[in-house]
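A short write-up of the structure that comes next.
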Amino acid sequence: MAPVAVRFAPSPTGRLHMGNARPAVLNWLFARKHGGTFLLRHDDTDAERSREEFVTVIEADLTWLGLDWDARVRQSDRLARYREALEQLKASGHVYPAYESAEELSLKRKSQLNAGRPPVYDRAALRLSGAERATLEAEGRKPHWRFKLTPGVTRWADVIHGDMQVPAESLSDPVLVREDGTPLYVFTSVVDDADLRITHVIRGDEHLMNTVPQLQLFAALGAAAPVFAHFALLVGKEGEKLSKRLGALSLDEMRADGIEPMAIASFLARLGTSDPIEPRGDLAELVEGFDLTRFGRAPAHFDANELRAHNAKVLHHLPYAAVSDRLVRFQLAHPVAFWQAVRGNLATLRDIEDWVAVVRGSLRGRMEDAAFAARAADLLPAEPWNDQTWGGWTAAVAGATGTKGRALFHPLRLALTGRETGPEMKAMLPLIGRDRALARLRGEAA
Ligand code: GLU
Numbered sequence: 001m002a003p004v005a006v007r008f009a010p011s012p013t014g015r016l017h018m019g020n021a022r023p024a025v026l027n028w029l030f031a032r033k034h035g036g037t038f039l040l041r042h043d044d045t046d047a048e049r050s051r052e053e054f055v056t057v058i059e060a061d062l063t064w065l066g067l068d069w070d071a072r073v074r075q076s077d078r079l080a081r082y083r084e085a086l087e088q089l090k091a092s093g094h095v096y097p098a099y100e101s102a103e104e105l106s107l108k109r110k111s112q113l114n115a116g117r118p119p120v121y122d123r124a125a126l127r128l129s130g131a132e133r134a135t136l137e138a139e140g141r142k143p144h145w146r147f148k149l150t151p152g153v154t155r156w157a158d159v160i161h162g163d164m165q166v167p168a169e170s171l172s173d174p175v176l177v178r179e180d181g182t183p184l185y186v187f188t189s190v191v192d193d194a195d196l197r198i199t200h201v202i203r204g205d206e207h208l209m210n211t212v213p214q215l216q217l218f219a220a221l222g223a224a225a226p227v228f229a230h231f232a233l234l235v236g237k238e239g240e241k242l243s244k245r246l247g248a249l250s251l252d253e254m255r256a257d258g259i260e261p262m263a264i265a266s267f268l269a270r271l272g273t274s275d276p277i278e279p280r281g282d283l284a285e286l287v288e289g290f291d292l293t294r295f296g297r298a299p300a301h302f303d304a305n306e307l308r309a310h311n312a313k314v315l316h317h318l319p320y321a322a323v324s325d326r327l328v329r330f331q332l333a334h335p336v337a338f339w340q341a342v343r344g345n346l347a348t349l350r351d352i353e354d355w356v357a358v359v360r361g362s363l364r365g366r367m368e369d370a371a372f373a374a375r376a377a378d379l380l381p382a383e384p385w386n387d388q389t390w391g392g393w394t395a396a397v398a399g400a401t402g403t404k405g406r407a408l409f410h411p412l413r414l415a416l417t418g419r420e421t422g423p424e425m426k427a428m429l430p431l432i433g434r435d436r437a438l439a440r441l442r443g444e445a446a
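Here our numbering is used: the first residue of the sequence shown is 1, the next is one more, and so on.
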């Protein structure tokens, strides 16, 4: 068996979002799981729609997600290779020139549909005589090139769909190269997958039917076909198409919204399977539990609120290393202890600022009973403090004031943090430190 090689092949016509980041995550996990290679391929032959800036942002988004690639290809660098492959197909009689304009084709489709027939290309161009072709070319028409599908059932064992059998007659002969010479995805993808020895094509169901011409193209080019796996598409909670509100938000917008890359990766690794979506600290853990055969054929329901809830869970488990670069700016004295104390209280990392203010900012504690707080202040032990300090101190306050339970802990938390709830006080107290604690208990801003 050849070593596993997969690719993520975005068209640089927009930013990444949950839908189109999904094949990136799944292919990457599959590659890493099987010790294979993950190739990034920019499908940028469509000069009109492709934009350079999207090549850059897609790569930045992948890097943000933590996905690295072993090789990178741009289809726009391989145009000569596609021309060569087209010549090969011409020589072997697998393609034929067709001259219909877009308008003519659309009229044909309409009349077929009106007559209740499937809008499959009628192969009129295949019946043109040499003289008719010459006339069309003399009129200035340039041909586009269609691949002549072999009739009969095309069959493959899809990792997710199982045994697939599609009669080629149900499909139009696909256009491989436009009249202006632009090679199209269905074709370029096969040339690349063959040349780069891709072993598994893992992609969304929108490409399921492309597999028919693509399998035939591999054969026509004399190349071995990869294994195909088509995962079901993402839909909204109620089965509706994803809209911006419903998760077609770009990764960039999600990042601005405080969603962690690990939340997205771990969510996408399980969405569409019947396995629970679990928080994971890093990609290596995700790789371990990844199994492509767990994906089902039913559309995967995406709920942005579920992702937000998952994001919080991910944060609660995230190791300091995953956030260290975003915490340095706070110049905390004990960043690791701080992170471990507060992460369980975060919905997004933006909430961290509130807790930074508690340990090193300036706030005025909320005081319900100033006399009680003053007594407690007097009982604060000397530093150094550790996670035993809170227990010892509150026991002393209890002894001196006769309060216990909520009546004891609640006013102390309010005075020290300004909040009703939050991280465990035994972890917070040493981070707040004696000077701040003393001042806050006396009702001063500190
Ligand atoms: N550029 C294609 C897309 O973005 C790639 C499809 C494939 O994986 O074959 O949909």
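Don't be surprised by glycine CBs; every beta carbon is placed ideally from N, CA and C.
Here Leu416 is near Ile432, since their CB atoms are less than 8 Å apart. Per DSSP, the beta-bridge partners of Val177 are Trp145, Pro183.
Annotated as distal: Arg7 and Asp61, with beta-carbon spacing of 8 Å or more. One thing to note: Ile264 has its Cβ no nearer than 8 Å to the Cβ of Leu67.
Around the beta carbon of Leu126, fewer than 16 other beta carbons sit within 10 angstroms, so the residue counts as exposed. Just measuring C-alpha positions, the residue of Glu353, Val356, Phe267, Phe290 sitting nearest Lys313 is Phe267. The DSSP assignment places complete alpha helix (DSSP H) segments of no fewer than 4 residues inside the segment 85-145 at 102-114, 130-138, in order along the chain. The Cβ atoms of Leu429 and Ala437 sit closer than 8 Å to each other. Three or more Cβ pairs closer than 8 Å define a contact, and the segment 78-95 falls short of that threshold against the segment 152-162. Counting only unbroken stretches of 3 or more residues, no beta strand (DSSP E) element lies wholly within the segment 308-349. Closest by C-alpha distance to Arg350, out of Glu137, Arg255, Leu249, is Arg255. Annotation: Trp339 to Tyr320 spans about 6 Å, alpha carbon to alpha carbon.
In this structure, Arg22 has its beta carbon at no less than 7 Å from each heavy atom of the ligand GLU.
Separation of Ala374 and Arg419 (C-alpha to C-alpha, rounded to the nearest whole angstrom) is 18 Å.
For Ala194, the closest C-alpha among the options Met164, Pro174, Ala225, Leu171 is that of Ala225. Contact between the segment 320-330 and the segment 296-310 is not established, with fewer than three Cβ pairs separated by less than 8 Å. When only Cα atoms are considered, Met262 and Gly281 end up about 7 Å apart. The residue from Asp77, Asp252, His144 with its alpha-carbon nearest to that of Ser101 is His144.
Only residues of its own chain outside the window of five on either side were considered, and among them Val120, Leu149, Met209, Val212, Pro213 have a CB closer than 8 Å to the CB of Leu171, listed in chain order. Taking C-alpha positions only, Leu176 is separated from Leu283 by approximately 38 Å.
Per DSSP, the unbroken beta strand (DSSP E) holding Pro167 starts and ends at 162-167. Within the DSSP secondary-structure output, Trp390 pairs in no beta bridge.
Taking C-alpha positions only, Gly272 is separated from Leu292 by approximately 10 Å. In the three-state reduction of the DSSP assignment, Ala2 falls in the coil class, being assigned neither a helical nor a strand state.
The alpha carbon of Lys33 has as its nearest neighbour, out of Gln388, Met425, Phe290, the alpha carbon of Phe290.
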